[in-house]
Structures are given as C-alpha cells and as structure tokens.
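Protein sequences appear in the order of chains F and G. Counted from 1, the first sequence has number 192 at position 192 by full-length UniProt numbering; the numbering is strictly sequential. Counted from 1, the second sequence has number 204 at position 204 by full-length UniProt numbering; the numbering is strictly sequential. We put the beta carbon where it would ideally sit given N, CA and C, even for glycine. All of these numbers come straight from a predicted model, not from anything done at the bench.
There are 2 protein chains.
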Amino acid sequence: MKIGVIGGGAVGLLISAYLSRKHDITLYTKTEEQAISVRTEGIHVIGPNPWTAYVKSRADVLYKEEILIIAVKQYSLPSLFGNLKQLPPKKIVFVQNGITHIGRMKELAQHELYIGVVEHGALKKSPNTVHHTGIGKIRISPYDGGGAREFIDQLNTSDPLFLIQYEEDWEPVVLKKLAANAVINPLTALFRMPNGHIVSNPYVAKLAKKLFHEVCDVLEINDKDDLWEYIESIAIKTKNNRSSMLSDIEHHKKTEIDSILGDLIQKGKEKGAHTCTMEFLYNAIKGLENREER
Amino acid sequence: MKIGVIGGGAVGLLISAYLSRKHDITLYTKTEEQAISVRTEGIHVIGPNPWTAYVKSRADVLYKEEILIIAVKQYSLPSLFGNLKQLPPKKIVFVQNGITHIGRMKELAQHELYIGVVEHGALKKSPNTVHHTGIGKIRISPYDGGGAREFIDQLNTSDPLFLIQYEEDWEPVVLKKLAANAVINPLTALFRMPNGHIVSNPYVAKLAKKLFHEVCDVLEINDKDDLWEYIESIAIKTKNNRSSMLSDIEHHKKTEIDSILGDLIQKGKEKGAHTCTMEFLYNAIKGLENREER
Numbered sequence: 001m002k003i004g005v006i007g008g009g010a011v012g013l014l015i016s017a018y019l020s021r022k023h024d025i026t027l028y029t030k031t032e033e034q035a036i037s038v039r040t041e042g043i044h045v046i047g048p049n050p051w052t053a054y055v056k057s058r059a060d061v062l063y064k065e066e067i068l069i070i071a072v073k074q075y076s077l078p079s080l081f082g083n084l085k086q087l088p089p090k091k092i093v094f095v096q097n098g099i100t101h102i103g104r105m106k107e108l109a110q111h112e113l114y115i116g117v118v119e120h121g122a123l124k125k126s127p128n129t130v131h132h133t134g135i136g137k138i139r140i141s142p143y144d145g146g147g148a149r150e151f152i153d154q155l156n157t158s159d160p161l162f163l164i165q166y167e168e169d170w171e172p173v174v175l176k177k178l179a180a181n182a183v184i185n186p187l188t189a190l191f192r193m194p195n196g197h198i199v200s201n202p203y204v205a206k207l208a209k210k211l212f213h214e215v216c217d218v219l220e221i222n223d224k225d226d227l228w229e230y231i232e233s234i235a236i237k238t239k240n241n242r243s244s245m246l247s248d249i250e251h252h253k254k255t256e257i258d259s260i261l262g263d264l265i266q267k268g269k270e271k272g273a274h275t276c277t278m279e280f281l282y283n284a285i286k287g288l289e290n291r292e293e294r
Numbered sequence: 001m002k003i004g005v006i007g008g009g010a011v012g013l014l015i016s017a018y019l020s021r022k023h024d025i026t027l028y029t030k031t032e033e034q035a036i037s038v039r040t041e042g043i044h045v046i047g048p049n050p051w052t053a054y055v056k057s058r059a060d061v062l063y064k065e066e067i068l069i070i071a072v073k074q075y076s077l078p079s080l081f082g083n084l085k086q087l088p089p090k091k092i093v094f095v096q097n098g099i100t101h102i103g104r105m106k107e108l109a110q111h112e113l114y115i116g117v118v119e120h121g122a123l124k125k126s127p128n129t130v131h132h133t134g135i136g137k138i139r140i141s142p143y144d145g146g147g148a149r150e151f152i153d154q155l156n157t158s159d160p161l162f163l164i165q166y167e168e169d170w171e172p173v174v175l176k177k178l179a180a181n182a183v184i185n186p187l188t189a190l191f192r193m194p195n196g197h198i199v200s201n202p203y204v205a206k207l208a209k210k211l212f213h214e215v216c217d218v219l220e221i222n223d224k225d226d227l228w229e230y231i232e233s234i235a236i237k238t239k240n241n242r243s244s245m246l247s248d249i250e251h252h253k254k255t256e257i258d259s260i261l262g263d264l265i266q267k268g269k270e271k272g273a274h275t276c277t278m279e280f281l282y283n284a285i286k287g288l289e290n291r292e293e294r
C-alpha cells in the first residue's frame with residue numbers, strides 16, 4: 001500500500017522504516033534537510049541488529065497517499081488538522097500519546113479514522129537515525145466504528161520486532177498507555193533518572209504510587225492492581241532506558257506534558273478529584289522546559 | 001571569652017573564624033584530620049577579601065569552655081544531647097535550622113540556653129576553607145527567659161561583616177528563617193537551580209507560592225505578605241547562589257530535609273492542614289539523597 005507517514009520524530013522514523021519492508025512509504029518531515037538525509041542515506045535503525053531502510057521523503061505538504069499515519073507530537077496537531085480537513089477521504093491513523101486529539105476527531109468526519117497506541121521504545125539519534133530501545137506492538141482500533149479490521153491486518157508486516165495488532169476498542173488501550181506515560185514520564189524527567197528508579201528508589205516509588213492513584217481516580221479505572229502491575233512491568237523491562245520526556249528535557253526540547261498531565265489535571269478539576277501530585281509535576285516539567293542553565 | 005564551637009561544617013567554620021577576632025575559640029570537629037588542618041593551617045575565609053583565622057581545634061569531646069556554640073546539623077544533635085546533659089552549667093547557643101531541637105531543650109535545664117538564627121550564606125569548600133557567600137547577621141535570643149542580653153552583646157565582635165544581634169523573642173525569628181528555608185531549599189535542590197529561579201522561573205515560582213501557603217498555614221503566620229517579601233528578597237539577593245540543600249544533593253550528602261520539611265509535615269498533619277506540596281518535596285529530596293547515579 002502507498003502510505004504517507006507524517007512526522008520525522010522517533011516514532012515516525014521507526015514506523016517508516018519497519019513498514020517499508022512491505023509498503024511504499026513516503027515520510028513527510030518538517031525540514032527539507034531531514035527529507036534529504038532520509039531520501040539519500042535511508043533511515044538507520046539502531047538496535048541488536050542495526051539496519052537501514054530506504055524510503056521516499058519530502059518536506060512539502062502533499063499528502064496524496066490514500067493512507068496517512070500521523071506521527072507528529074500532540075502539540076503539533078492543531079496546525080495539521082487544518083490540512084487534514086481539506087483532504088479527500090482517506091484512511092488516517094493517529095499514533096499520539098494522550099487523548100486531546102481524540103476529542104477533535106469529529107472534525108475529520110470525511111475520513112476513515114483509526115487510533116493507534118505505540119508501545120515501542122524509540123529515541124531519535126539524528127535526523128535519519130532512530131534507536132529502537134524497546135520492542136513492543138502497535139495496537140490499532142477503528143475510531144467510532146468508521147474503520148475496518150482488514151485494513152489493520154493489511155498494514156501488518158509480520159515482522160516479529162514490529163507487530164501491528166487489531167484492537168476492538170481503543171479506549172482501554174489508550175487509557176492504559178496514558179496512565180503509564182503519566183506515571184513514568186514526568187517523574188523520570190524531573191529526577192533525571194532512568195525508568196527503573198520508579199520502582200527501585202523507595203521515595204520515588206512512593207511518589208509514583210501517589211501519582212498513580214490520582215491518575216486512576218481521574219480516569220475512573222477500577223482494576224488498579226492490574227494497571228499498576230502493567231506500569232511496574234514497563235519500568236522493570238526498560239529499567240536502564242531514559243524516557244522520552246527525560247530525553248526531551250535533557251535536549252532542551254518541548255515535552256508532551258500538556259497532552260499527558262495537562263489534560264488529566266483538566267479532567268480532574270471538572271470531576272473535583274485530587275490532582276495535587278499531578279499539578280506539582282506539571283509545573284515542575286514546565287519549569288524545567290523553561291529553565292536557563294548556568 | 002573562651003568559647004567552644006561544636007561542629008566543623010560551613011557555619012561552624014564561619015563562626016569560629018569571625019569570633020576569633022575577639023574571643024579565644026576552640027573548634028570541635030568530628031575528625032582528627034579536620035582538627036589538624038584547622039590547627040596547623042587556620043581557617044581560610046573566602047569572600048571579597050580572603051583572610052585566614054587561627055583558632056584551636058580538637059576532635060575529642062572535651063567541651064570545657066564556659067560557652068558552647070552548637071553548630072552541628074539538626075540530624076547530629078540527638079547523640080550530642082547525651083553529652084550536653086552531663087556537663088556542668090554553661091551558656092549554650094544553638095544555631096540550627098529548624099525547630100526540632102527547641103522541643104527538647106528542657107532536657108538541658110542546668111544550662112543557660114540561647115537560640116540563634118544564622119542569616120549568612122556559607123559553603124564549606126575544604127576541611128578548613130569556608131566560602132562566605134552572603135553577609136547576614138546572627139540573631140540570638142535567650143531561651144525561656146534563662147539567659148541574659150549582656151552575654152549576647154559581649155559575644156559580638158563589632159565586625160560589620162558578622163554582626164550578632166540580640167532579639168527579645170526567638171520564635172518569630174526562628175519561624176521566619178524556617179519558612180524561608182522551607183521554600184528556597186527543597187525547590188532549588190530538586191530543580192538543581194540557583195536561588196534566583198524561585199522567583200524568575202514562572203513555573204517554579206508557582207510551586208514556591210503554593211509551598212509558601214502550606215508553610216504559612218502550618219506555622220499559623222498571619223502577615224503572609226511581609227514574609228513572602230522577605231523570602232523573595234533573599235532569593236533575589238542570593239540569586240546566583242546554590243542553596244545549602246542543593247550543595248548537599250550535588251555532593252551526595254545527607255540534607256536537612258527532615259528538620260526543615262519533615263517537622264512541618266508532622267505539625268501540618270496534627271492540624272489537618274494541606275501538606276501535599278511539602279510531602280512531594282520531602283519525598284523528592286529523600287529520593288535524591290538515596291539515588292544511585294548512572
């Protein structure tokens with residue numbers, strides 16, 4: 001299939017590389033420089049077996065493929081939505097963290113919409129190099145009954161390192177991922193510690209547990225034990241990894257704190273839930289984003 | 001006067017050096033190594049005009065001077081109290097941060113007790129070198145009516161860089177210092193930022209303000225505006241300084257978080273006050289104290 005992947009960050013590079021094994025990929029980047037380096041040198045995937053994928057790449061807003069995978073960060077979506085609204089009907093897959101974009105999906109009613117959750121670990125090392133730090137799956141569901149399972153099965157390349165799995169209902173998958181991001185990302189970024197410290201440092205673990213309970217209350221999650229086990233297992237499996245938010249802070253880049261904790265705090269306030277730990281972390285990460293070093 | 005200064009940290013070195021201009025000082029250190037370096041090389045005071053003070057120094061627990069100034073950290077006091085209880089009546093001045101020790105003073109009823117608050121900025125650079133980073137005063141009050149103003153006036157060396165000032169009532173002075181420490185120290189240590197960021201970074205400032213209100217509620221402070229102005233003025237005057245707690249975290253040393261926020265949280269719980277921000281910071285600093293680097 002001809003697929004346009006929009007966004008040349010870690011996730012966009014990873015998806016473009018692996019899907020290119022079966023599909024005809026065009027990666028849309030923000031800068032011409034990145035488009036050139038991807039087009040001429042390919043995408044280098046670092047991992048146990050480093051390899052290079054060759055894909056098309058361009059920086060202009062063409063989007064003429066029938067299938068688009070939207071891999072920009074949540075905070076870059078608002079400007080993209082204007083473009084997407086103008087396009088003829090397509091299949092569009094969103095793979096953002098958070099839930100902000102889901103509330104705006106009805107604006108794109110002419111398209112067949114899908115919601116994906118990326119469970120891989122990936123860090124961008126250069127404009128055309130991505131480090132595949134954790135093997136996971138991409139779980140994709142049709143949004144609002146508008147999409148079909150067959151399409152998701154066709155996307156799948158059967159590469160065991162990059163499986164795409166159909167999910168009936170996006171909501172529990174998205175919320176689970178959101179809860180895990182909400183607990184692991186801000187704390188690791190604030191303390192500048194790899195993921196494992198969320199469970200191994202008793203004081204950070206105490207804060208993680210408090211944060212987790214606030215998140216569960218806002219998301220109205222009943223089976224807390226199950227979700228905590230899931231988050232703990234991620235922290236342990238990726239214990240030496242630095243989270244994407246920590247990486248963003250270390251590289252003085254904008255983080256995804258608004259779409260991860262900002263939205264949850266907003267929801268919490270509407271419900272009258274306790275959001276004190278979330279608010280502390282929200283301001284703390286914003287404070288780090290805005291820091292001047294000396 | 002013959003004065004024993006107990007504790008060879010930044011404050012103990014600073015007090016020993018300045019008081020030696022008028023008094024006969026013996027500095028009691030924890031290690032023989034430090035006692036030797038102070039005795040043989042003197043105390044180097046770094047500042048606008050670096051100078052060296054020559055004082056006696058010893059590591060054994062003799063304490064035979066009539067006047068003792070207790071300059072150990074709050075967390076080192078419990079073991080020292082046993083010794084102080086055995087001594088014949090003396091004048092004893094405590095210059096600790098926090099309020100924990102004040103609750104235990106009745107155990108030392110045979111002595112004439114004084115409570116001091118050190119407003120200087122000081123960082124220990126080596127066993128016999130202290131950097132005098134901020135000129136302040138030491139305010140001293142008799143505890144429980146047991147001491148006399150004349151003694152405090154006699155202590156004073158009249159050095160404008162190191163004035164000692166009599167205060168009628170220790171409580172407002174101690175609480176003011178505690179509030180300033182509670183707001184500035186944990187936040188600067190957590191964010192690893194110099195003091196000025198408490199006011200210059202809008203998100204950190206938001207957290208500082210929230211923390212400040214919790215502290216005021218616990219300490220039942222009525223004139224919040226006045227106290228906030230005081231804290232703000234310290235943060236601005238010392239904007240490029242790293243707080244003692246930040247310095248402790250950077251040097252992998254135990255901090256004073258227990259006597260600064262630990263006590264306030266305890267008091268807050270007894271009163272049913274909100275202590276969420278304080279609790280976050282307490283656990284955060286404990287988490288940093290217990291961190292393993294990688």
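* To do: Anything in the region 215-244 of chain G with a Cβ closer than 9 angstroms to a Cβ of chain F? List those residues in chain order, please.
  => Residues passing the 9 angstroms Cβ filter: Asn240.
* To do: Could you tell me how far apart the beta carbons of F:Ala17 and F:Ala53 are, in whole angstroms, since I believe they sit closer than 8 angstroms?
  => About 4 angstroms; that satisfies the 8 angstroms criterion.
* Asked: Taking contact to mean at least 3 C-beta pairs separated by less than 8 angstroms, is the region 106-120 of chain G in contact with the region 223-231 of chain G?
  -> At 8 angstroms Cβ cutoff, the stretches do not touch.
* Asked: Is it right to say G:Leu242 is buried, meaning 16 or more other beta carbons lie within 10 angstroms of its own, or is it exposed?
  -> The sequence given here places Arg at residue 242 of chain G; Leu does not occur at that position. Its Cβ being crowded by 16 or more others within 10 Å, G:Arg242 is buried.
* To do: Report the rounded CA-to-CA distance for G:Val61 versus G:Tyr28, giving the unit in angstroms.
  => CA-to-CA, the gap between G:Val61 and G:Tyr28 works out to about 8 angstroms.
* Asked: Do you know how far the Cα of G:Thr40 is from the Cα of F:Lys206?
  -> If you draw a straight line from the Cα of F:Lys206 to the Cα of G:Thr40, it comes to about 48 angstroms.
* Is the CB-CB distance between G:Lys239 and G:Asn195 below 8 angstroms? -> Taking C-beta atoms as the reference points, G:Lys239 and G:Asn195 count as a pair closer than 8 angstroms.
* To do: Compare the beta carbon distance of residue 352 of chain G and G:Asn181 with 8 angstroms and say whether it is the shorter of the two.
  => Residue 352 of chain G lies beyond the stretch modelled for chain G, which goes from 1 to 294, so this question has no answer here.
* To do: Closer than 7 angstroms by C-beta to F:Thr31: which residues in its own chain qualify, once you throw out the five before and the five after it? Chain order, please.
  => If we look at F:Thr31 and ignore the five residues flanking it on each side, its Cβ neighbours are Ala59.
* To do: Starting from the Cα of G:His23, find the closest Cα among G:Lys210, G:Gly8 and G:Ile69 and give me that residue.
  => If we check each option's Cα against that of G:His23, G:Ile69 comes out closest.
* Asked: Can you list, in chain order, the stretches of the beta strand (DSSP E) that have 3 or more residues and sit fully within the UniProt domain "Ketopantoate reductase N-terminal" (3-144) of chain G?
  -> With a minimum length of 3 residues, the continuous beta strand (DSSP E) runs that stay inside the UniProt domain "Ketopantoate reductase N-terminal" (3-144) of chain G are 24-28, 43-46, 51-53, 56-58, 67-70, 91-94, 112-118, 121-126, 129-134 and 137-142.
* **Below-8 angstroms beta-carbon distance, G:Gly272 vs any chain B residue** => You won't find chain B in this structure, because its protein chains are F and G.
* Taking C-alpha atoms, which residue in G:Phe212, G:Lys176 and G:Lys286 lies nearest to G:Leu246? -> Checking every option, the nearest Cα to that of G:Leu246 belongs to G:Lys286.
* Give me the Cα-Cα distance between F:Leu281 and G:Leu87, rounded to the nearest whole angstrom. => Taking the straight line from one Cα to the other gives about 49 angstroms.
* Asked: Hey, how far is the Cα of F:Lys91 from the Cα of F:Gly147?
  -> For F:Lys91 and F:Gly147, the distance between alpha carbons rounds to 8 angstroms.
* How about F:Asn128: is its C-beta nearer than 8 angstroms to some C-beta of chain G? -> With 8 angstroms as the cut-off, F:Asn128 does not count as an interface residue toward chain G.
* To do: Answer with buried or exposed for F:Arg149, where buried requires no fewer than 16 other C-beta atoms within 10 angstroms of its C-beta.
  => Around the beta carbon of F:Arg149, a 10 Å sphere encloses fewer than 16 other beta carbons of the protein chains shown; the residue is thus reported as exposed.
* Start and end residues, beta strand (DSSP E) containing G:Leu163 -> Counted as a single uninterrupted DSSP element, the beta strand (DSSP E) harbouring G:Leu163 occupies residues Leu163 to Tyr166.
* Where does G:Lys177 land, buried or exposed, given buried means 16+ other C-beta within 10 angstroms? -> That one is buried.
* **Contact with chain G by F:Leu207, beta-carbon distance below 8 angstroms** => Yes, F:Leu207 counts as interfacial toward chain G.
* F:Ile221 in three-state terms, based on DSSP -> It is coil, neither helix nor strand.
* To do: Can you give me the start and stop residues for the alpha helix (DSSP H) that G:Ser200 sits inside?
  => Note, G:Ser200: alpha helix (DSSP H), His197 to Ser200.
* **Beta-carbon contacts of F:Lys64 that lie in its chain and below 6 angstroms, excluding the five residues immediately before and after** => Nothing listed; no residue qualifies.
* 8 angstroms Cβ cutoff, G:Ala284 in contact with chain F -> Yes, contact with chain F.
* Asked: Rounded to a whole number of angstroms, what is the C-alpha to C-alpha distance between F:Gly136 and F:Val173?
  -> Inter-residue distance for F:Gly136 and F:Val173 is about 13 angstroms (C-alpha atoms, whole angstroms).
* To do: Measure how close the beta-carbons of G:Cys276 and F:Cys276 come, nearest whole angstrom, since I'm counting them as under 8 angstroms.
  => At roughly 4 angstroms, the Cβ-Cβ gap stays under 8 angstroms, so G:Cys276 and F:Cys276 are in contact.
* To do: Look at the alpha carbon of G:Arg21 and the alpha carbon of G:Leu84, and state the distance between them as a whole number of angstroms.
  => Rounded to the nearest whole angstrom, the C-alpha separation of G:Arg21 and G:Leu84 is 26 angstroms.
* Cβ of G:Asn181 within 8 angstroms of any chain F Cβ -> Among the CB atoms of chain F, none fall inside 8 angstroms of the CB of G:Asn181.
* **Continuous alpha helix (DSSP H) stretch holding F:Thr277: start and end** => Secondary structure note for F:Thr277: its alpha helix (DSSP H) is the uninterrupted segment Cys276 to Glu289.
* Nearest to G:Ala284 by alpha carbon, out of F:Pro142, F:Lys210, F:His101 and F:Ala273? -> Scanning F:Pro142, F:Lys210, F:His101 and F:Ala273 for the CA closest to the CA of G:Ala284 turns up F:Lys210.
* Asked: How long is the line joining the alpha carbons of F:Leu77 and G:Gly103, rounded to whole angstroms?
  -> Going from the Cα of F:Leu77 to the Cα of G:Gly103 covers about 57 angstroms.
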